[in-house]
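**Student:** After the structure tokens below, expect a handful of questions from me.
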Amino acid sequence: MPNLSSDLKSIINTNLSNLSASKIRAFDQKVSGIPGIIKLTIGEPDLATPDHIKKAAIRDINDDDSHYAPQAGKPQLLKAISCYLDRSIGVHYDPKDEICVTVGATGALNDVFMTLLNPGDKIIVPTPVWALYFQLIKMTGATPIQLDTKKDGFILKPEHLRHVLNGRGKGAKAIILTDPSNPTGRVYAKETLQQLAEVIKEYKIYSITDEIYAELVYGNAEHHSLSEYIPDRNILISGLSKAYAMTGWRLGYIAAPKQIMQSIQKVNAFLVTSVTDNVQMAAVEALNNGQSDPAEARAIYEKRLQFMQTGLEKLGFEMATPQGAFYIFAKIPEKYGIDDEQFAFELAQKAKVGVTPGRYFGKGGEGYVRLSYASSTEQLHESLKRITDFVNDL
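Letter 147 of the sequence shown, counting from 1, is numbered 147 in full-length UniProt numbering, and no numbers are missing.
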């Protein structure tokens, strides 16, 4: 087994050497080795990809569609994405030059950050949030400005954004907003988005919206996009991983004005050349003929949410009402006298239930844990029983 020469060990990208691996993934891997553990740690649907989507990929393979795809995406998929956005948020993106197909929404985020950000730039990141944002931003040499939203129920208020843009975030180039939210499950009301759009216009910055959970909203909540109000400055990111149970297929996309999309497509081409042919054709099938698939998933997840929320609240956990995605961000009762990281480790070791410490999601996450209810109903029932036994022994 070769060992790297000692005179080369320090010759790597300095931005990368200053970054730590994902704490969420590291914690998940650590608890995965515990025999009999039920993991509620990762946003991984237990549902299977719908059969008609799988069959579309198989047909494409059998048709020998195995060559390089167009770098921005297959025309059929670009059109399907355009039509989907037209009917879901009422904004038309030209499939020819305003959409780019990516390797998952993570690939989309990387493309956008590499396109927009220079070393020394600032970008506003409301927290708690999926922590990978921080690492991808720092890889460009830019600085994420964390904006703790806990006091407002994990919703960014326009006056809070204005205050930060006048202070430590002065000169920021962009803001990124996750809606629905990972980890809190919160959904932005139409009126709040309209008000945020006015602030974003006033300060002449870009907005980036991560809308990967857009199809998973519950109760009276409705998903709206900043693209409805500021299409000239918003960069929309989404994909099929969550609503269609396609996490392993790695299919995402970006929609934005063509002037910035030209650069985004260039970055995407440099990084991946193109997205796999049969994956793209599966996505065409999902968007064109799978409109009922997200609705079926929503019905399942909403029942699970209601069960877990009710059970946790009976144990004294508090939470801002989850309205979307498939996470509960629960505040650990102070009477237990234990911080979120210790709580999660002990819960895994003693009760064999894996949850994620809230501090891993940035400022405002301390004292909370994130639970994913994208596991089976049977596992959730058993998890709640184990959590109940665990907290009763604290």
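Each residue gets a CB set at the ideal place from its N, CA and C atoms; glycine is no exception.
Is Lys122 helix, strand or coil when you go by DSSP?
**Tutor:** Correct three-state label for Lys122: strand.
**Student:** Please work out which residues of its chain come closer than 8 Å, Cβ to Cβ, to Asp389, disregarding the five sequence neighbours upstream and downstream, and give them in chain order.
**Tutor:** Contacts found: Ala351.
**Student:** What does the alpha-carbon distance come out to for the pair Ala243 and Ile230?
**Tutor:** Their Cα atoms are separated by approximately 25 Å.
**Student:** Could you work out which residue in Thr321, Ile338, Val391, Tyr336 is closest to Lys150 when comparing CA atoms only?
**Tutor:** Comparing Cα positions, the closest option is Thr321.
**Student:** If you count every other CB in all the chains shown that lies within 10 Å of the CB of Ala105, and 16 or more means buried, which is it?
**Tutor:** Buried: at least 16 other Cβ atoms inside 10 Å.
**Student:** Rounded to a whole number of angstroms, what is the C-alpha to C-alpha distance between Val91 and Ser225?
**Tutor:** Roughly 9 Å separates the two Cα atoms.
**Student:** Assuming Tyr84 is part of the alpha helix (DSSP H), what are its boundary residues?
**Tutor:** 75-89 is the extent of the alpha helix (DSSP H) around Tyr84.
**Student:** Between which residues of its own chain and Asp97 is the CB-CB distance below 7 Å, once the five residues before and five after are set aside?
**Tutor:** Same-chain partners within the cutoff: Lys258, Met261.
**Student:** Taking the C-alpha atoms as reference points, what is the distance between Ile200 and Leu117?
**Tutor:** Going by the C-alpha atoms only, they are around 17 Å apart.
**Student:** Tell me, to the nearest whole angstrom, how far the beta carbon of Pro2 is from that of Ala374; I am working on the premise that it is less than 8 Å.
**Tutor:** Not quite, the Cβ-Cβ distance comes to about 41 Å (not below 8 Å), so this is no contact.
**Student:** Near Asp210, which residues of its chain fall below 6 Å by C-beta distance, leaving aside the five closest residues on each side in sequence?
**Tutor:** Taken in chain order, the residues that qualify are Thr178, Ile237.
**Student:** Just to confirm, is the Cβ distance from Thr115 to Gln146 under 7 Å?
**Tutor:** It is not a contact, given that the beta carbons lie outside the stated cut-off.
**Student:** How about Asn118: is its Cβ closer than 6 Å to a heavy atom in the ligand COA?
**Tutor:** Of the ligands one can find in the structure shown there are none, so the ligand COA has no counterpart to examine.
**Student:** By the DSSP assignment, the beta strand (DSSP E) with Leu236 in it spans what residues?
**Tutor:** Its beta strand (DSSP E) spans residues 234-239.
**Student:** Check Lys331 in the structure and name its three-state DSSP category.
**Tutor:** DSSP places Lys331 in strand when its eight states are reduced to three.
**Student:** Straight-line CA distance for Val125 to Ala256?
**Tutor:** Cα to Cα, Val125 sits roughly 20 Å from Ala256.
**Student:** Could you tell me if Thr49 is buried or exposed, where buried requires 16 or more neighbouring beta carbons within 10 angstroms of its beta carbon?
**Tutor:** The residue is buried, with at least 16 neighbouring Cβ atoms inside 10 Å.
**Student:** Take the Cβ of Glu215 as the centre, count every other Cβ of all protein chains shown within 10 Å, and call the residue buried at 16 or more, exposed below.
**Tutor:** Buried: at least 16 other Cβ atoms inside 10 Å.
**Student:** Would you list the residues sitting across from Gly324 in a DSSP beta bridge?
**Tutor:** In the DSSP output, where bridge partners are listed per residue, Gly324 has Val217.
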